[in-house]
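Chemist: Which chain is which? The protein sequence lines are A and B, in order. Here my numbering is used: the first residue of the first sequence is 127, the next is one more, and so on. Here my numbering is used: the first residue of the second sequence is 365, the next is one more, and so on. Where a beta carbon is used, it is the ideal one built from N, C-alpha and C, also for glycine. Sharing a structure with you now.
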Amino acid sequence: MGQATEEFFAALPKRAPAVLRGPAGGTLQVDLTAGNRTEHWYLELAPGSVRVSREQRLADATFTVGADLFEELAEGRESALAAVFRNEATLSGNVLLFLLFRRFFPDPPGTRDPREVAREVAREQAGQPG
Amino acid sequence: MTRVSILDGNTFLVSDERGDIEPSFDFPTGLFSFDTRFVSAWILTLDGQRLQPLSVDDSQSYATRFFLVPGEPTHYVDAKVSVIRSRAIGGSFGEELTLINHSEQEKEFSLRIDIGADFADVFEIKHQRPKKGRTTPSVAANELRLVYRRENLHRETVISTSAPADIDEGGMTFRIRVGPHGEWATRLQVSTVIYGARGEDIRSTLPLGGHRTAAAIHAEQNDLIERAPKLGCDCQPLAGAYRRSLNDLAALRYESIALGVRLLAAGLPWFMTLFGRDSIFTSLQVLPFLPGLVPPTILMLAGLQGSRLDDFRDEEPGKILHELRYGETAGFEEQPHSPYYGSADSTTLFVILLDEYERWTGDATLVRQLEHETRAALNWIDTYGDLLGTGYVWYMTRNPETGLPNQCWKDSWDSVSYADGRLPGFPRATCELQGYAYDAKLRGARLARTFWNDPAYADRLEREAAELKERFNRDFWIPDKEYYAMALDPEGRHVDALSSNIGHLLWSGIVDESRAAAVAGHLLGPRLFSGWGVRTLADDQGRYNPIGYHVGTVWPFDNSFIAWGLMKYGFREEAGRICDGMLAASRYFDGRLPEAFAGYERTLTDYPVQYPTACSPQAWSSGTPLLLLRVMLGLEPQGEHLIIDPALPEGIGRVEVLDIPGRWGRVDALGRSRGPHDHSH
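Structure follows, in structure tokens:
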């Protein structure tokens, strides 16, 4: 298992109060496949909290994805929904739970605040004659 | 060429008037589902000859019947054989071919259907790109299977026949013998498969199955229409437009892959998917009539709310999406629609819709449930929305290759201009975005005070709204022209074109009372008003073009919100003129207002000229007659009651809407026009 994946799941309980602020909740099975092995993660999402365990259980929704791709999701380099649309990741059950879970994925590395970028562009234009 | 389309949600089929589909790159003909073309060739020949249509029955949105004969069309048809193609769509597509021998002898025929599937993504049709994956046909006893693969992406079109056929990789041939005055028939069934989890169709592992019968569609649509209020009126165009709108809105709902609910697709053929802005505007239009359509839209938009910074998708925390696509180009990130967030108004409009929905329905549960998402949307206005830190909502895409330069409803490249036609730099702050932000803050304050138990937050929002209104009236008003600038450029100067955008300002309430008459005067004045409606851009502006997408055409949806705005400021007569013009125009489209029509003077053409590639049906055009009814009858929820204050345009006669649903149960609204040209009954 990749380091980013490990850290991602380890940080979920601490991040939950800021991310899961609505009343929605439920269970999500995240299955990470590598060759013919599958790592199981079982998440119990609730308002303000996540409980994480390494189990395979019946869940409201299941998200299945290659361990390598998940590593990139955990680093913010890939988009989970795009991966679903090209069938590199699959979803079943109540997709709203997955949409909640998706909020934990970080920004792509190196992304700048758009306000900083826009103000730079505006300043450059102001500096141009005309 | 006449095109005939049938649809059920985001599965739709567009053919020519013979029922044939020929590979085309300029217009999306074919069978589409989830942004993918599953059939791109579907051509019927009889003994090697193409057929000609005698008549087409397209009275249903999901079914069509073509009556065909061989040979070139002449005014004297004496066919000895005819073919009926009877087709329906409901997740999959079925076509019954019937051949009738009109002669007194037994005859042999060779009937062939050429079949092809290019699996093009809607965006590949728009931009003519070659496919990156491979299509492999395979032939079995009673079916032809076309398989498309690109990496893990796997889609199939499976065509089966009930009658025996010689099947090859390019189609099916039926060699048949039919007795005197006899008939022969076969049923062709076309299934579209999108493989997902466990090698099953993606739709089978999610709440709603993709396939339903024509009878099921009919029942479900009828049920929806039955639940809508009944309209009784003297005005035939209004009655026709209302009926047509309900039918089209019922047909434009598609299955969300996530919620197990039906969402509204934006428009046929290019926009058969979820758009933030379109679905919100349509929801606002239909609320008094079909409130049940609204919660799924709100929930889906909230579920997909932006949560991170992503330049490719123009995503920011709190932002409501612009467009969601399920196709190959979204999956492989050749387009950013997974989802794309390049819209500077959907976030504020989301708050406005939630509040308006509660005012009508009293559904406090949804407002409480979405407190966090709504706060995040309100928070977006003053953080990522205010790119320059000047107290306004600005936009500038961070995806120059495939992002949208203009992120307001007029989202074509040249829609925002100075009066002399020059284009401003980025970022841009169009005026209506500020109006929506003002309205969102006031409505957010009501929600905070009434449902979230946070009066301090409500006070803050109201204070911010008041400051925004004052600032806006100072910075956007052009004193010598007596209207609001279309936008501010990055240096804060007026982008001074006279545009329909100022009509949305009335709807938002950000216009100072003292200036409202001047704004109304411009909207109904000769530069903006064509006689049918308000042009997107005044006819003396540098970029004006009566058939330019956002620079001179008349958009029915735009007009419906302008009429609502006029009503809010008490300009009932002016609002009535817009309603009247729109209803008059709708007559020329069989009650189905298109996305846009040309901005020519009404007196010049006498009929509204449809914009060349306009989408139809288009959700927010279908919603237009509904909102016009609300405006004419002066419907406004107030507390637990519905205020009814009719002001009908002269000549329209009696209008009654029975059983308007809402927190009051159901009430009736009646109105009658009064004028020298109205009969007294």
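1) Decide yes or no for the touch test of the stretch 914 to 932 of chain B against the stretch 955 to 971 of chain B: beta carbon pairs closer than 8 Å, at least 3 of them.
2) Look up F893 (chain B) in the DSSP assignment and give the residues it is bridged to.
3) Assuming contact is defined by CB atoms lying nearer than 7 Å, are L751 (chain B) and A252 (chain A) in contact in what I supplied?
4) Shorter than 7 Å from the beta carbon of S205 (chain A) to some beta carbon of chain B?
5) Let me see if you follow: with CB-CB separation under 7 Å, is E698 (chain B) close to chain A or not?
6) From A:L225, A:T237 and A:P232, pick the residue whose C-alpha is nearest to that of L663 (chain B); which is it?
7) Go ahead and label V368 (chain B) buried or exposed: buried means 16 or more other beta carbons lie within 10 angstroms of its beta carbon, across all protein chains shown.
8) Keeping to the same chain, check which residues put their C-beta closer than 8 Å to that of F230 (chain A); ignore five residues upstream and five downstream.
9) Using 8 Å as the Cβ pair cut-off and three pairs as the minimum, do the stretch 791 to 805 of chain B and the stretch 869 to 882 of chain B touch?
10) Which residues in chain B have a C-beta closer than 7 Å to the C-beta of V243 (chain A)? List them in chain order.
11) Does any C-beta atom of chain B lie closer than 7 Å to the C-beta of F227 (chain A)?
12) With a floor of 3 residues, list each beta strand (DSSP E) that falls wholly inside the stretch 454 to 513 of chain B, ordered by position along the chain.
13) Take Q733 (chain B) as the anchor and find which of B:K471, B:P434, B:P659 and B:S450 has the nearest alpha-carbon.
14) For the beta strand (DSSP E) holding S218 (chain A), just list the boundary residues, first then last.
15) Is it buried or exposed, N817 (chain B), if we count other Cβ atoms within 10 angstroms and call 16 or more buried?
16) Scan the stretch 127 to 145 of chain A for residues whose Cβ lies nearer than 7 Å to a Cβ of chain B and list them as they occur along the chain.
17) Sorted by chain position, which residues of the same chain lie with C-beta nearer than 7 Å to V650 (chain B)'s C-beta, five sequence neighbours on each side aside?
18) Would you call K774 (chain B) buried or exposed, if buried means 16 or more other Cβ atoms sit within 10 Å of its Cβ?
19) Distance check for W984 (chain B) and L588 (chain B), CA to CA, integer angstroms please.
20) Chain A partners of D674 (chain B), CB-CB under 9 Å?
21) Which residues share a DSSP beta bridge with C597 (chain B)?
22) Under a three-way DSSP split, which group does R539 (chain B) fall into?
23) If we define contact as Cβ-Cβ less than 7 Å, is L184 (chain A) a contact residue for chain B?
24) What are the boundary residues of the alpha helix (DSSP H) that W744 (chain B) is part of?
25) Is T164 (chain A) close to chain B? Criterion is C-beta to C-beta, closer than 7 Å.
26) Which of the three DSSP states is assigned to R1038 (chain B) in this structure?
27) Assign K594 (chain B) to buried or exposed, taking buried as 16 or more other Cβ atoms, counted over all protein chains shown, within 10 Å of its Cβ.
28) Using the C-alpha atoms, what's the distance from R451 (chain B) back to T462 (chain B)?
29) Taking all protein chains shown into account, decide if V883 (chain B) is buried (16 or more other Cβ within 10 angstroms of its Cβ) or exposed.
30) Should the stretch 779 to 789 of chain B be regarded as contacting the stretch 709 to 716 of chain B, the criterion being three or more beta carbon pairs within less than 8 Å?
31) Quick check on Y618 (chain B): does DSSP put it in helix, strand or coil?
32) Measuring only between beta-carbons, confirm whether T216 (chain A) sits less than 7 Å from chain B.
33) So T190 (chain A) packs on T216 (chain A), CB below 8 Å; how close in whole Å?
34) Could you confirm whether any beta carbon from chain A is found closer than 7 Å to the beta carbon of H701 (chain B)?
35) So, with DSSP's three-state summary, where would you put H166 (chain A)?
36) Closest to R249 (chain A) by C-alpha separation, out of B:Y705, B:P791 and B:T500, would be which residue?
Modeler: Put simply:
1) yes
2) B:V898
3) For the 7 Å CB-CB criterion, L751 (chain B) and A252 (chain A) do not form a contact.
4) yes
5) no
6) A:L225
7) buried
8) F134, L138, R141 and V145
9) yes
10) R762
11) no
12) 456 to 465, 471 to 480 and 498 to 503
13) When each option's Cα is compared against that of Q733 (chain B), the closest is B:P659.
14) Counting along the chain, S218 (chain A) sits inside the beta strand (DSSP E) bounded by residues A215 to G219.
15) exposed
16) Taking 7 Å as the Cβ-Cβ cut-off, the stretch 127 to 145 of chain A has no residue approaching chain B.
17) These residues qualify, in order along the chain: L613, L657, G987 and L990.
18) Buried.
19) 18 Å
20) Simply G202, S205, D233, P234 and T237.
21) B:V1019
22) Three-state DSSP puts R539 (chain B) in a strand.
23) no
24) E735 to D746
25) no
26) coil
27) Here K594 (chain B) is exposed, its C-beta having fewer than 16 other C-beta atoms within 10 Å.
28) 11 Å
29) Using a 10 angstroms sphere on the CB of V883 (chain B), the tally of other CB atoms reaches 16 or more, which defines it as buried.
30) no
31) strand
32) yes
33) 5 Å
34) no
35) strand
36) B:P791
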